[in-house]
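There are 2 protein chains.
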Amino acid sequence: MDERIVEHAAVLVEWSARIEAGDDVVLAVAPGAHDLAVAVAAELGDRGANPVVTYTSGEINRAYLRAHDDEFDENPAHEHALYENADAVLSLGGGRNASAMADVPGQTRSTHATAREKVREAYMNTDWVSTVHPTRSLAQQAGMSYEAYREFVYDAVLRDWEALAEEMSGLKERLDAGREVRIVGEGTDVTMAIENRTAVNSTASVADDSHNLPSGEVFTAPYGTEGHATFDVPMTVRGKRVQDVRLTFEDGEVIDYDGPAVIGEILDTDDGARRLGELGIGMNRGIDRPTDSILFDEKMAGTVHLALGRAYDACLPDGEAGNESAVHVDLITDMSDDSRLEIDGETVQRDGAFRWEAGFEE
Amino acid sequence: MDERIVEHAAVLVEWSARIEAGDDVVLAVAPGAHDLAVAVAAELGDRGANPVVTYTSGEINRAYLRAHDDEFDENPAHEHALYENADAVLSLGGGRNASAMADVPGQTRSTHATAREKVREAYMNTDWVSTVHPTRSLAQQAGMSYEAYREFVYDAVLRDWEALAEEMSGLKERLDAGREVRIVGEGTDVTMAIENRTAVNSTASVADDSHNLPSGEVFTAPYGTEGHATFDVPMTVRGKRVQDVRLTFEDGEVIDYDGPAVIGEILDTDDGARRLGELGIGMNRGIDRPTDSILFDEKMAGTVHLALGRAYDACLPDGEAGNESAVHVDLITDMSDDSRLEIDGETVQRDGAFRWEAGFEE
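Sequence order for the protein chains is R and C.
For reference, each letter of the first sequence is one residue, going 1123 to 1484 in our numbering.
For reference, each letter of the second sequence is one residue, going 1123 to 1484 in our numbering.
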């Protein structure tokens, strides 16, 4: 087995999920992630954790959802009990066709997601971590050769996470002390409140409430958004290719959008879908290009992203509810050119370079 | 998709597992059974059942078990809760290497199985059904081409189960009314008592307490066995190839055997391992040859099998304990030639043909 797969498994189990003896773990395996699952299983055995292995297949989900009449049972007991009793969920993405669910109506997906809200909550209450195994399908999605894509994934995943965590904590401090963020770029001039919110250092470790591997972003839960934003990083949302979506905000809500119908469907999911749940700032310099995968794209150094929908509890004051929604859809804008990010009027990033980096110009 | 896969899924969900709207189902998928899983998912969606999809991989289990120190936690809470809350488990076998776990020590496997006894009980308390999707690995195990093996599997699975159930009930009535069974063939002349025992129609449906697809056997729990029997159908027992095992019985117990060492090991397990727990009579005419898979071989029409060890409760009068043992090992003998099966002196089957079939000669 490729030594990098073994290292990936070790980073996932040790750094990211902090698995210990006796932990009850759900290991969720996509059809193309078998080899990584074998390596992760060895790590779990070595640590004395207890895996239940699930299979996450777009083709199986598609067949199920298309055959269903859309009157979904709420929170099936067995699925809910599985996650309620799990300490961690390790989700290994990497399918064989990124468009496997392209012909499942968006309405069906949202109805299904809404019916399973408590299952999702139980899942989110575990020490969950999502990662991907490089597959040919993901390489194709990224417009890259398989060999080059594997290099790309391991450059992003096998980092010095402790050093990056240290750098990120500087940005977190600025955000935590700040009241307002302004993002300015081509087609974008948007402000949002962040006062009384706590930024999360997404260090790819559950110890920091960070649940993606790779990670490398600092995010918070904004509110009161005003202005407009254009998201120029191309991506696939629910099977549809989207680029240059433009959202107009007033009083914290999207009042107008320009983009494909799928964005309208998302905005119509529920009230929370029209508000932002996240402002994220990419800081992973191992990710050097968009690959049409949110797991990587949103962490790319020199980008920021805004998510419609659900906010993460970790950003909120104790006991306070943030934006609630059945959806959480990230949209990304490139900040590497003619752009700036301000906190309370101070430029913290210009043209992709942070204030503390070489090359930053006021 | 091959129409037979769709039919297989329909038989499994409708006839075998009797899935209804609202059922919480665990769909357990082996690495080679993906296509059948897609078809089953559509059936589950159509019926409004709720699947959790698990992944049963010998390679993942092997990696986990070999890395573990063998001090297994008892009955992990998440796994136990999953099955405790499930109405049915549909297990789709069909791996890519039947020997994937060959280098996991037997001691490790039994220690692991013992630690998970309550998980197993919860699983067995569901309406579970085991079937297989034809894979190249299973074709290899059967010594058949992939194409021929697929024909074989669908011939066995896609039967008129209602008609077969009807035929089987005739044999069950004779067995239930009978006092003694005698089996005569080359190297075999053995009698056993069946008075006061109830035969089970294994119709491949949980409605009849039958949990295999394919099925097609009638079985009961004999006692007081006398004589000798030779089992000429080749099979793999605990990883060892065995054929032409000969057992000699006196007063219900094996007093002598001729065969490989693994048979001696089994007989020495405990007292019950020297007595029979099952007499099974194969009635599935879709199964025309042994394929080194007990799921198929023991149901083959024109064979009978005797199992050393544990008896099934369903065959026993209420409250009465049958033969008890830690093992249940089936051995099969071909009755298609120069053989007969008698109940109370009446020949019920001769040379593979039942009394009620064309071609039967007194």
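Quick reminder that beta carbons are idealized off the backbone N, C-alpha and C, glycines included.
Between residue 1368 of chain R and residue 1381 of chain R, the C-beta gap is smaller than 8 angstroms, which places the two residues in contact.
Here residue 1275 of chain C has 1256 as same chain residues with Cβ atoms under 6 angstroms from its own Cβ, once five neighbours each way along the sequence are excluded.
For residue 1215 of chain R, the closest Cβ of chain C is not nearer than 8 angstroms. Taking the C-beta atoms as reference points, residue 1228 of chain C is found no nearer than 8 angstroms to residue 1152 of chain C. Taking a C-beta distance under 8 angstroms as the contact criterion, residue 1244 of chain C and residue 1273 of chain C do not qualify as a contact pair. When the Cα atoms are used, residue 1155 of chain R and residue 1346 of chain R turn out to be separated by approximately 41 angstroms. For the 8 angstroms CB-CB criterion, residue 1437 of chain C and residue 1321 of chain C form a contact. Around the beta carbon of residue 1339 of chain C, 16 or more other beta carbons sit within 10 angstroms, so the residue counts as buried. Contact between the region 1182 to 1202 of chain C and the region 1194 to 1210 of chain R is present: three or more C-beta pairs spanning the two stretches fall below 8 angstroms. Here residue 1194 of chain C carries a coil assignment [DSSP, helix/strand/coil]. Around the Cβ of residue 1196 of chain R, a 10 Å sphere holds fewer than 16 other Cβ atoms; the residue is exposed. Using a Cβ-Cβ cut-off of 9 angstroms, residue 1156 of chain R is close to 1153, 1177, 1179, 1181, 1182 of chain C, given in chain order. Assignment of alpha helix (DSSP H) within the region 1136 to 1181 of chain C, counting only whole runs of 4 or more residues, yields 1156 to 1169 in chain order.
Contact between residue 1405 of chain C and residue 1290 of chain C holds: CB atoms are separated by about 6 angstroms, below the 8 angstroms threshold.
Listed along chain R, no residue sits closer than 8 angstroms to residue 1220 of chain C by beta-carbon distance, the nearest being about 17 angstroms off.
If you check the CB distance, residue 1210 of chain C and residue 1161 of chain C do not come in under 8 angstroms. For the region 1159 to 1174 of chain C, the set of residues with a beta-carbon nearer than 8 angstroms to any beta-carbon of chain R comprises 1159, 1160, 1161, 1163, 1164, 1165, 1166, 1167, 1168, 1170, 1172, 1173, 1174, in chain order. For residue 1259 of chain C, no beta strand (DSSP E) encloses it; the enclosing alpha helix (DSSP H) starts and ends at 1258 to 1264. By the neighbour-count criterion, in which 16 or more other beta carbons inside 10 Å mark a residue as buried, residue 1246 of chain C falls on the exposed side. By the beta-carbon neighbour count (other beta carbons within 10 angstroms, threshold 16), residue 1363 of chain C is exposed. Contact between the region 1444 to 1460 of chain R and the region 1469 to 1476 of chain R is established, with three or more Cβ pairs separated by less than 8 angstroms. At a cut-off of 4 residues, the continuous stretches assigned as alpha helix (DSSP H) that sit fully inside the region 1228 to 1291 of chain R are 1228 to 1237, 1239 to 1246, 1258 to 1264, 1268 to 1279. Under the criterion of beta carbons closer than 8 angstroms, residue 1134 of chain R and residue 1251 of chain R qualify as touching, at roughly 6 angstroms. Against chain R, the CB of residue 1247 of chain C has no partner CB under 8 angstroms away; the residue lies outside that interface.
For the pair residue 1220 of chain C and residue 1422 of chain C, the Cα-to-Cα distance works out to about 21 angstroms. Under the Cβ distance rule, residue 1188 of chain C counts among the residues neighbouring chain R, one pair being separated by less than 8 angstroms. For residue 1354 of chain C, same chain residues with a beta-carbon under 7 angstroms away, outside a window of 5 residues either side, are 1365, 1366, 1455, 1456 in chain order. Separation of residue 1403 of chain C and residue 1141 of chain C (C-alpha to C-alpha, rounded to the nearest whole angstrom) is 28 angstroms. Under a criterion of Cβ atoms nearer than 9 angstroms, no residue of chain C is adjacent to residue 1450 of chain R; the nearest Cβ is some 22 angstroms distant.
In terms of CA proximity to residue 1314 of chain C, C:1297 leads the group C:1297, C:1148, C:1242. Short of 6 angstroms from the beta carbon of residue 1127 of chain C, and not among the five residues preceding or following it, lie these beta carbons of its own chain, in chain order: 1157, 1158, 1161. The Cβ atoms of residue 1185 of chain R and residue 1164 of chain C sit closer than 8 angstroms to each other.
One Cα belongs to residue 1318 of chain R, the other to residue 1465 of chain R, and the distance between them is close to 14 angstroms. Between the C-alpha atoms of residue 1253 of chain R and residue 1193 of chain R there is a straight-line separation of about 31 angstroms. Around the beta carbon of residue 1236 of chain C, a 10 Å sphere encloses fewer than 16 other beta carbons of the protein chains shown; the residue is thus reported as exposed.
Under a 10 Å Cβ-count criterion, residue 1143 of chain R is classified as exposed, with fewer than 16 other Cβ atoms of the shown protein chains found around its own Cβ.
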